[in-house]
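Chemist: Take this structure, written in structure tokens, and hold onto it; I'll ask about it next.
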Amino acid sequence: MRGSSLGYLIKKGISNIWLNRMMSAASMGILTACLIIVGGSGLLAVNIRDIFTAIENQNEMVIFIKEDATEEDVTVLGDKIDSLDHVSDYYYVSKAEALEEQKEYMGEKGYLLDGLEDDNPLPASYRLTLSGLEYLNETVEQLQHYRGVDTISAPTDLADTLTGVEKTALVLGSIIIGILIVASTVVISNTIRLTLFARRREINIMRYVGATNGFIRLPFVVEGMTIGIFSAVLAFGVIWAIYQSLGSLFAETRISWLTSVSNNLIPFMNLWYYVLGGFLIAGILIGSLSSSSSIRRYLKV
Amino acid sequence: MIEFRNVSKNYPGGTHALDDVDISIDKGEFVFILGHSGAGKSTLLKLMLREELPSKGSIMIADYNLVKMKKRQVPYLRRELGVVFQDFRLIPSMTAYENVAFAMRVTNISSKEIRRRVPYILRIVGLEDKMHVYPDQLSGGEQQRVALARALVHNPKIILADEPTGNIDPELSLEIMELLLEINKLGTTVVVVTHDVALANRFHARTITLDHGRVVSDTKGKNAV
């Protein structure tokens, strides 16, 4: 295709938007709204994820070993821990080491523990670091029935809650995003179909004078893509404004947890290219897909 | 140039639109295809434009085998065929010039070539003074001449005219027919599809008559070239 033809077809596509300005505006509105909701939840998710990661880094557990455990019990347990997939790091703390640690912890008053070496009340233990918080329960279950295991100290309740929240958010989020994508596709398809109808004479003539299918389709794909691009840029601007103003609103408030949230907010400057890039890709994809699908159905070219 | 061999076309529901039709039209001929409504004229046109495929038989047009050709070749076949319709089918929001230029633009022709060729073609059909006039300000005959100009821009080997004078006053019809004859003299094959016996008789050209989907007569014209 020569350059002047391409220019002509693109111009045609953009004038299609003007031809149907009400419907085009409606499509842009709904697509922008979808992108804002999706992008907003995305930003929320990223921030929550950020906080979760900080918590998840504390995914440690301690296995205390019984007083009467044999050396063999300890070795068997150590081998088992070593064989587990989700244990990223572990080490053994003997009774003596535990006492040392406790002394250090008590600092100046550590001398109070002097003389306990022969009658050490502190248990030996294995300290484990897991590769993720979600494996905590599983690991506890796998280990708690081993001989020599006394108690296991792990933040299992927190793990349950966080994993649960994450899963629910993921499922709900996917459903909402799915519905919104379908809705915008339908609306844009209808807009394109209206343009097809308004341009039916031209399309008919194009076919008789021997225009190729690519030539007939391109303006409509351009129309859909342009709607997508406009919506993406619009949604980006709105999201940016909301993010910034919420941040400063939280910072100025007297509610202390909101202030701390605003301090931990990921700066928009670190995120804007993901947001804009994601919006543009989504907008262009949804726009061009819905236009080509309606051309195929309506035109049968 | 146009070769129908044993062509039949049946539509679902048992309508036999064409029944074993043989037509052969040579390069440079001027031919009327005559028939009442329902005789199979529209089906014949649709087959020639490859909007539809025959149920049986083969069709060759300007070296294209219409039955075997690939779908993406269809636009190139249509550039060999200039089509004129009874209802002109001009785009009302475009001037005469733009209507003709549109046909070139959508077939990937350079702007320079368009600027050169459109005025030339409009001069051939006698509309050089009305290039920038919109269709609704033109008479029926003038609108049909714009349509003819549009059909001619690709320098087609064949002009297919479907009732070209059907919507035009009788005295202006003559002008259109004379224009078609002139185009024919320049070497283009012209096929005029019509139900108007008087029109066909007046020009003494070859006339193929269809009835109930069959060719019932094929008379050589008196002043055949």
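Protein chains in written order, with my numbering: chain A, 75 to 375; chain B, 62 to 286. All C-beta atoms in this analysis are idealised placements derived from N, C-alpha and C, irrespective of residue type, glycine included.
1. Taking only beta-carbon positions, decide if E276 of chain A is within less than 9 Å of chain B.
2. Tell me the DSSP bridge mates of F138 of chain A?
3. Just confirm the distance between the C-beta atoms of V261 of chain A and S101 of chain A, as a whole number of angstroms; I'd bet it's less than 8 Å.
4. Measure from the C-beta of V214 of chain B to each C-beta in chain A and report whether the shortest distance is under 9 Å.
5. Would you mind sorting A228 of chain A into buried or exposed? The rule is 16 or more other CB atoms within 10 Å of its CB.
6. What number of angstroms, rounded off, separates the C-alpha of S205 of chain A from the C-alpha of N337 of chain A?
7. Under 8 Å from any heavy atom of the ligand HEM, does the C-beta of G202 of chain B make it?
8. Which residue or residues does DSSP assign as beta-bridge partners of M121 of chain B?
9. Taking Cβ positions only, does F289 of chain A come closer than 9 Å to chain B?
10. How is the beta strand (DSSP E) around R275 of chain B delimited, first residue to last?
11. From the DSSP secondary-structure annotation, give me the bridge partner or partners of G143 of chain B.
12. If contacts are defined as beta-carbon pairs under 8 Å, then K54 of chain B and M62 of chain B qualify, I think. What distance do you get, rounded to the angstrom?
13. Would the region 360-369 of chain A count as touching the region 309-323 of chain A if we require 3 or more Cβ pairs under 8 Å?
14. Assign K37 of chain B to one of three DSSP states: helix, strand, or coil.
15. What three-state label does DSSP hand V214 of chain B in the structure shown?
16. I want to know whether the region 206-218 of chain B touches the region 135-145 of chain B - three or more CB-CB distances under 8 Å.
17. Smallest Cα separation from K88 of chain B: which of B:T249, B:E232, B:L271?
18. On the CB-based measure, 16 or more other CB atoms within 10 Å of its CB, does V256 of chain A come out buried or exposed?
19. Compare the C-beta of N126 of chain B with all C-beta atoms of chain A and state if any pair is closer than 9 Å.
20. So, is the C-beta of P136 of chain B closer than 9 Å to a C-beta in chain A?
21. In this structure, what does DSSP give as the bridge partners for D272 of chain B?
22. On the DSSP letters alone, give me the boundaries of the alpha helix (DSSP H) that D147 of chain A sits inside.
23. Kindly give me the distance between the Cβ atoms of F304 of chain A and L83 of chain A, rounded to whole angstroms, as I take these residues to be in contact under 8 Å.
24. In three-state terms, what does DSSP make of I170 of chain B?
25. In the DSSP assignment, the alpha helix (DSSP H) including I94 of chain B goes from what residue to what residue?
26. Determine the contact status of K169 of chain A and N194 of chain A, defining contact as a CB-CB distance below 9 Å.
27. In chain A, which residues lie less than 9 Å from V144 of chain B when you measure between Cβ atoms?
28. Counting only Cβ pairs nearer than 8 Å, list the residues of chain A close to R139 of chain B.
Modeler: Looking at the coordinates:
1. So, interface residue.
2. A:S199
3. 5 Å
4. Flagged as an interface residue toward chain A: V214 of chain B, by a C-beta distance shorter than 9 Å.
5. buried
6. Rounded to whole angstroms, S205 of chain A to N337 of chain A spans 27 Å at the Cα level.
7. The model on display carries no ligand, and the ligand HEM is accordingly not part of it.
8. B:E64, B:N126
9. yes
10. 275-280
11. DSSP lists B:I220 as partners of G143 of chain B.
12. This structure cannot speak to residue 54 of chain B, because chain B is shown only from 62 to 286.
13. Touching, no.
14. Residue 37 of chain B cannot be examined here, being either before or after the span of chain B that is shown, 62 to 286.
15. coil
16. yes
17. B:T249
18. exposed
19. no
20. yes
21. B:R275
22. 145-157
23. Between L83 of chain A and F304 of chain A the Cβ distance is about 18 Å, and since that is not below 8 Å, they are no contact.
24. Coil at I170 of chain B, not helix or strand.
25. Premise fails: I94 of chain B lies in the beta strand (DSSP E), 91-95, not in any alpha helix (DSSP H).
26. yes
27. Y282, V283
28. R281, Y282, V283, G284
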